[in-house]
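Reviewing the structure listed below.
Numbering (the working numbering), first residue to last: 1 to 254.
Here's what the structure looks like:
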């Protein structure tokens with residue numbers, strides 16, 4: 001169960017400008033009293049096993065201009081993969097990240113421009129926390145963990161994706177995180193963060209199945225995200241550790 005957030009903390013300076021997830025958690029850490037709420041769990045749509053192949057994925061693609069509805073299915077993995085159960089502290093961290101982003105996005109009015117970057121045809125039914133956990137789970141199952149790793153690859157990519165989103169909010173003050181775009185932004189940030197971190201990564205055709213969008217749209221979102229962040233993808237150890245500390249501290253205290 002994930003813990004909640006304080007309703008009294010102002011998340012948006014005005015409707016067109018959203019506080020970044022990192023700043024949002026700094027505010028919570030400085031708040032004396034935090035209200036605890038229960039977050040309802042929204043189950044993913046029933047999964048259907050498929051036979052995954054590059055050709056079958058590309059044969060049903062829509063054009064770059066067409067935005068698809070989210071579709072979630074159980075994606076087959078390599079038979080050599082070693083499954084690793086996510087530690088409790090990492091589960092809490094992912095909940096903290098998801099709740100922070102959901103709280104920020106829920107304060108921004110629904111966007112009227114359906115063609116705006118990262119805005120889909122409809123708001124996904126899957127709760128953001130569940131969506132983040134899904135991506136982390138597949139990353140961890142795809143990439144065999146090293147015994148020396150203190151954090152799973154999925155959790156490391158998640159923390160870096162928060163840094164990326166924070167940078168975009170800083171570079172584009174008119175850009176707002178909303179319920180219309182938050183899933184696609186997180187998915188794009190996770191994809192780019194994974195490529196920054198790992199030598200061996202998901203092929204995009206596989207990641208599109210995990211994320212629930214077409215390969216064509218995923219490629220377009222990745223390109224848009226990189227341009228939005230001005231290809232500023234390098235993250236220092238100091239920046240990573242500082243960001244991880246902010247989220248993990250509140251995950252423990254909440």
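No residue lacks a Cβ here, since even glycine has one placed at the ideal position from N, Cα and C. These numbers were taken from a predicted model, which means no experiment stands behind them.
Worksheet entry | Pick from 159, 181, 170 and 190 that is closest to residue 123, judged by C-alpha positions | 181
Worksheet item: For residue 194, which three-state DSSP category applies?
Response: helix
Worksheet item: Do residue 225 and residue 178 have their C-beta atoms closer together than 8 Å?
Response: Cβ atoms of residue 225 and residue 178: not closer than 8 Å.
Practice prompt. Could you tell me how far apart the beta carbons of residue 247 and residue 139 are, in whole angstroms, since I believe they sit closer than 8 Å?
Written response: With a Cβ gap of about 18 Å, residue 247 and residue 139 do not count as contacting.
Worksheet entry | Length of the line joining the Cα atoms of residue 256 and residue 120 | Outside the displayed span of the chain (1 to 254) sits residue 256, for which this structure offers no information.
Worksheet entry | First and last residue of the uninterrupted alpha helix (DSSP H) at residue 130 | 128-142
Discussion item. So, at 7 Å on beta carbons, what are the nonlocal neighbours of residue 239 in its own chain, with the 5 sequence-adjacent residues on each side left out?
Written reply: Close CB contacts of residue 239 within its chain, under the 7 Å cut and outside five residues either way in sequence, are with 163 (chain order).
Worksheet item: Would residue 132 pass as a contact of residue 158 if the rule is Cβ separation under 8 Å?
Response: yes
Discussion item. Threshold first: 4 residues or longer. Then list the alpha helix (DSSP H) segments lying entirely within the stretch 150-236, N to C.
Written reply: Uninterrupted alpha helix (DSSP H) stretches at least 4 residues long and entirely within the stretch 150-236 occur at 153-171, 182-197, 204-211 and 215-228, given in chain order.
Practice prompt. Could you say which of 125, 152 and 217 lies nearest to residue 244 if we only look at CA atoms?
Written response: 152
Fill in: Per-residue DSSP class, three states only, for residue 248
helix
Discussion item. What residue range does the alpha helix (DSSP H) around residue 92 cover?
Written reply: From DSSP, the alpha helix (DSSP H) with residue 92 extends over 88-106.
Worksheet item: Since residue 185 and residue 231 are thought to touch, with beta carbons under 8 Å apart, how far apart are those beta carbons, to the nearest angstrom?
Response: No, residue 185 and residue 231 are not in contact; Cβ-Cβ is about 17 Å, not under 8 Å.
Worksheet item: When the Cα atoms are used, what is the spatial distance from residue 136 to residue 215?
Response: 19 Å
Discussion item. DSSP three-state label for residue 242, please.
Written reply: helix
Practice prompt. Assign residue 234 to buried or exposed, taking buried as 16 or more other Cβ atoms, counted over all protein chains shown, within 10 Å of its Cβ.
Written response: exposed
Worksheet item: Considering only residues of the same chain and omitting the five flanking positions on each side of residue 102, which have a CB-CB separation below 6 Å?
Response: 128
Item to complete: Indicate whether residue 143 and residue 200 have their beta-carbon atoms separated by less than 8 Å.
Response: yes
Worksheet entry | C-alpha gap between residue 220 and residue 109, whole angstroms | C-alpha separation (whole angstroms): 25 Å.
Item to complete: My understanding is that residue 93 touches residue 155, with C-beta atoms under 8 Å, so please give their C-beta distance in whole angstroms.
Response: 6 Å
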